[in-house]
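Below is one structure; the comments refer to it alone.
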Amino acid sequence: MALFKKTLKLLICMSFICSYLQAETSQIEVKKVNPLHIFYLVQSKELSQAITLYRRYKEELGRHDFETLQRVAEMILEQGAKSLESEEQLISLLGLKIAGIETTKEILESGIRSRHPEVQLATLQLIGQLQDDRFESILNKAMSSGFLYTRLEAAYQLAIRKTRNSVGQVESLMHKLPPEMRFFFPQFFALVGSSDAILLLKQLLDDPIQKTRIEAILHSAKAGYEELLPNIRRKATHLNPAEQEACCFALGSLKDTHALSILQNLSLSTNDNVSLSANYSLYLLGEESAKEKIFSLAKEKNLFAIALLGKIMGSEKILISLLQENHLQIRFNAMLSLLDLKNESCLPYLKEFLVRDSRDFGFQPQMTIGNAFTAWKVVPSMQQHMKHSFYDLIGLSLYVKEEILRKSIELSPEAFVDLASFLLSTRQLELIPAISSLLQQLQTPKAIALLEKHAQRAKIPLIRNYCNLALFQLNKSIPSKQLILEWIHSQQNTQIIQFRPLLPRKSYFKDKTAFELTPEENSQLLISCYQVISNQHTEESLDVLLNSLQQGHQKNRPLIAGLLIQTLQ
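Mapping of the sequence shown onto our numbering: residues 18 to 586, in sequence order.
Rendered as structure tokens:
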């Protein structure tokens with residue numbers, strides 16, 4: 018009996034010990050996942066392990082820990098921004114821009130210290146968006162950069178901020194450069210607008226170099242500095258046609274009624290650009306009869322006058338007649354002016370310039386000699402002209418086409434859907450992102466039906482995916498959401514950001530079909546998909562982004578981190 022009691026006591030003690038050990042073990046397991054351990058793994062660049070550990074931490078909490086996720090994402094961005102590789106730095110700066118968080122001074126300083134000029138410029142542009150006075154010292158450091166464009170961008174940012182030392186810094190840079198480069202600086206002094214800056218702007222009105230004088234005249238007018246009107250009036254009487262044109266334009270912009278006699282004299286000039294500028298200023302000052310001379314110049318096929326008619330009511334009849342001209346440049350500028358005047362007569366002519374065919378149209382601006390007016394030049398065989406063009410013909414031409422689409426939807430929503438249907442059917446792939454976005458904004462039954470139709474085009478992934486993306490954002494299709502999520506998963510190992518080379522690749526125009534995505538198209542589409550998922554601000558969004566951080570391409574991580582922070586906000 019005594020033995021039985023001893024055995025029973027022993028069993029009870031062992032039971033208590035086991036219970037105590039289980040409780041202790043349980044507590045140890047809870048303490049096992051410490052956020053500091055997660056941060057240590059991220060700092061050690063063991064991101065996959067860090068996310069695995071975070072998932073365990075989440076299970077124990079029973080919810081996401083937003084503070085921990087935010088810190089993880091910030092650490093990824095900080096690491097990338099301080100990298101020695103320009104590509105990683107640029108992607109991290111883009112991630113910081115998307116995140117919209119308060120950027121540390123240390124990160125921005127590392128960007129300015131970068132040996133890559135493109136990183137310095139991207140850092141300055143990010144500083145410009147932040148509008149934080151704490152970063153003025155970084156702008157001052159950028160003024161000492163070894164790269165000229167960095168210093169010019171820093172000067173621009175200082176001028177916008179109107180800082181105490183901005184005039185001194187900008188003036189110092191101006192005097193360090195050759196006189197031929199002073200034409201950059203009138204805009205900076207005009208932006209500052211202090212008494213010292215206006216005095217320097219006044220001096221540049223009499224600069225020995227014509228290009229600088231013209232820029233000083235135009236930026237004085239743009240900034241509205243009426244105190245410089247006496248100087249501009251005086252210069253308008255000079256014999257130089259380029260200066261006369263710029264001065265006439267400035268006098269009209271500043272609504273100088275004291276210059277009416279000067280403008281009336283110059284409106285009779287034998288130089289078409291001077292006459293156009295003087296008559297337009299007279300029109301702005303209330304002289305309705307002055308527009309008749311502008312109409313006359315347009316009828317004489319002056320492209321700058323045709324482009325200017327887009328700002329003059331009552332010019333529709335002349336522009337419609339110009340649409341019948343055989344000259345390509347005349348038709349294009351007349352069409353754009355009618356589009357600006359919201360006249361539907363231009364609609365049948367849009368297709369000619371929006372469709373990429375064997376003529377391969379590109380578009381670039383051309384200025385009058387006094388820089389007061391702009392017309393557009395149609396460049397046939399764009400591929401052949403790219404190497405010799407000052408402009409980025411690919412990017413500029415796409416911008417012009419997208420602007421035409423945006424203006425046409427304001428003109429006639431129903432006609433826009435018909436135009437969009439034509440462009441989708443003819444596979445104008447470069448326009449697909451803009452078309453799908455505009456159809457999404459329109460939200461009419463006809464627009465939604467068109468998106469649904471092309472969301473089923475299995476053989477053309479670019480069109481299918483963008484249409485599904487638009488439908489997903491409209492909450493019109495649950496299958497579209499699933500297709501987008503599946504596509505993101507399939508593309509996780511694709512590098513999102515594909516930076517275009519400085520010189521356009523020949524393969525941009527050949528070896529490309531509608532049945533496959535180019536790296537540039539794939540990159541843009543994937544970013545759009547991630548941004549739409551991020552904007553949902555749901556737990557599912559967080560899980561998608563965490564999966565991409567853990568399993569996706571390593572170079573995508575800073576961008577995904579920025580999207581993760583955006584989702585948490």
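Virtual Cβ for every residue (Gly too), placed ideally from N, Cα, C.
Whole-number beta carbon distance between residue j and residue i, since they are thought to touch under 8 angstroms
i	j	result
Val209	Ala176	5 angstroms
Ala253	Leu277	Their Cβ separation, rounded to whole angstroms, is 12 angstroms, which puts Ala253 and Leu277 out of contact at 8 angstroms.
Val395	Gln346	6 angstroms
Lys316	Ile335	6 angstroms
Cys265	Ala295	4 angstroms
Ser65	Gln567	5 angstroms
Leu581	Gln548	Between Gln548 and Leu581 the Cβ distance is about 12 angstroms, and since that is not below 8 angstroms, they are no contact.
Helix, strand or coil at residue i according to DSSP, with G and I counted as helix
i	result
Met384	strand
Thr391	strand
Val396	strand
Leu340	coil
Phe266	helix
Lys179	coil
Lys476	coil
Leu57	According to the sequence provided, residue 57 is Tyr. The question's Leu does not apply to it. In the structure shown, Tyr57 sits in a helix (DSSP, three-state: H, G or I).
Asp560	helix
Met191	helix
His81	coil
Phe202	coil
Phe321	helix
Thr229	helix
Met160	coil
Pro536	In this predicted model, Pro536 has a pLDDT of only 49, less than 50, meaning its place in the structure is not dependable enough to derive any value.
Identity of the residue in the options nearest residue i by Cα
i	options	result
Cys508	Phe489, Lys272, Cys546 and Gln490	Looking at the sequence shown, residue 508 is not Cys but Gln. Ranking the options by Cα distance to Gln508, first place goes to Cys546.
Pro196	Ile449, Leu94 and Asp223	Asp223
Ile93	Glu427, Val50, Leu111 and Glu126	Leu111
Met160	Gln146, Val187 and Lys114	Val187
Leu415	Leu143, Ala392, Leu446 and Ser442	Leu446
Gly117	Gln148, Ser162 and Arg130	Gln148
Leu355	His344, Leu339, Glu369 and Phe370	Leu339
Gln319	Leu293, Glu309 and Glu333	Residue 319 is actually Asn in this sequence, not Gln. Residue Leu293 is the option with its Cα nearest to Asn319.
Val154	Thr180, Leu165 and Ala139	A small correction: the amino acid at residue 154 is Ser; Val does not occupy that position in the sequence shown. Considering only alpha carbons, the answer is Thr180.
Ala98	Glu305, His506, Arg574 and Cys363	Arg574
Glu304	Lys404, Asn290, Leu280 and Leu314	Leu280
Gln341	Pro365, Ile426 and Lys328	Pro365
Pro478	Gln458, Pro462, Ile449 and Leu455	Ile449
Ile501	Ser551, Leu455 and Leu285	Ser551
Ala351	Ala324, Ile577, Ile452 and Glu369	Ala324
Pro225	Thr69, Phe321 and Asn257	Asn257
Thr587	Leu468, Leu413 and Val372	A question about residue 587 goes unanswered here, because the residues of the chain that appear run from 18 up to 586.
Counterpart residues of residue i in DSSP-defined beta bridges
i	result
Gly379	Val396
With 16 other Cβ atoms within 10 Å as the buried cut-off, status of residue i
i	result
Lys476	exposed
Met330	exposed
Arg199	buried
Gly241	exposed
Leu78	exposed
Ser131	buried
Gly387	buried
Glu595	It is not possible to answer for residue 595, since the shown part of the chain is limited to 18 through 586.
Phe349	buried
Gln261	buried
Asn282	exposed
Arg178	buried
His236	buried
Asp374	exposed
Glu232	buried
Glu309	exposed
Met191	buried
Leu142	Note that residue 142 corresponds to Gln in the displayed sequence, not to Leu. Exposed, because fewer than 16 other Cβ atoms sit within 10 Å of the Cβ of Gln142.
Arg168	buried
Lys122	exposed
Lys498	buried
Glu76	exposed
Arg481	buried
Residue i CB to nearest heavy atom of the ligand GDP below 7 angstroms
i	result
Asp223	Annotation note on the ligand GDP: not contained in the displayed structure, which lists no ligands.
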